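At position 33 of the sequence shown (counting the first as 1) the number is 33 in UniProt numbering, and the numbers step up by one without a gap.
The structure appears below as structure tokens.
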Amino acid sequence: MQKNRPSAKQTMQRIPHQNWQILIKVATSKNRRTRRYGFAFEATTMDRVTIFRSAANSGRQSIYMATQEAMVEAIFKDKDLGLGRILILSNHKKLVQICLFSSKPSWQDQALLPTFVS
Numbered sequence: 001m002q003k004n005r006p007s008a009k010q011t012m013q014r015i016p017h018q019n020w021q022i023l024i025k026v027a028t029s030k031n032r033r034t035r036r037y038g039f040a041f042e043a044t045t046m047d048r049v050t051i052f053r054s055a056a057n058s059g060r061q062s063i064y065m066a067t068q069e070a071m072v073e074a075i076f077k078d079k080d081l082g083l084g085r086i087l088i089l090s091n092h093k094k095l096v097q098i099c100l101f102s103s104k105p106s107w108q109d110q111a112l113l114p115t116f117v118s
């Protein structure tokens, strides 16, 4: 018996239809030898044209902080380009909950929350 899992098409229907200018995909990875995290992000238009992409090694000791660092860097680059309607995709559960206001932000997140919302 199969469980009812939402397909990709159903998931996309949950996102409110707005005129997004840019889509940012964020990913993080851990180097097992050095125990440091790296991150990569890519910003594309809704027509799938890549505007910029970047990757870096982060001195952060947690995947949460490395993901947050990537998101902030991508948001600042977008704002420099004059783009205001940004959709961020991340598989990090804590960041998603904070952006949806279903989780209380820590003191570190409270400083960045106006950047994510505005």
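From the three backbone atoms N, C-alpha and C, an ideal C-beta is built for every residue, glycine too.
In this text the structure is predicted, and so the values were computed from the model without any measurement.
Residue burial classification, residue i (beta-carbon count within 10 angstroms, cutoff 16)
i, result
"A74", "buried"
"F39", "buried"
"T45", "exposed"
"V72", "exposed"
"V26", "buried"
"A43", "buried"
"C70", "A small correction: the amino acid at residue 70 is Ala; Cys does not occupy that position in the sequence shown. So A70 ends up on the buried side."
Collapsed DSSP secondary structure at residue i in the structure displayed
i, result
"K79", "helix"
"T44", "strand"
"T67", "helix"
"K9", "Reliability fails at K9, whose pLDDT of 45 lies under 50, so the model's placement of it is uncertain and no value is given."
"N19", "coil"
Span of the beta strand (DSSP E) around residue i
i, result
"K30", "22 to 31"
Sub-7 Å separation of residue i and residue j beta-carbons
i, j, result
"I88", "D78", "no"
"I24", "L83", "no"
"residue 119", "Y37", "With the chain covering only 1 through 118, there is no way to say anything about residue 119."
"K94", "Y64", "yes"
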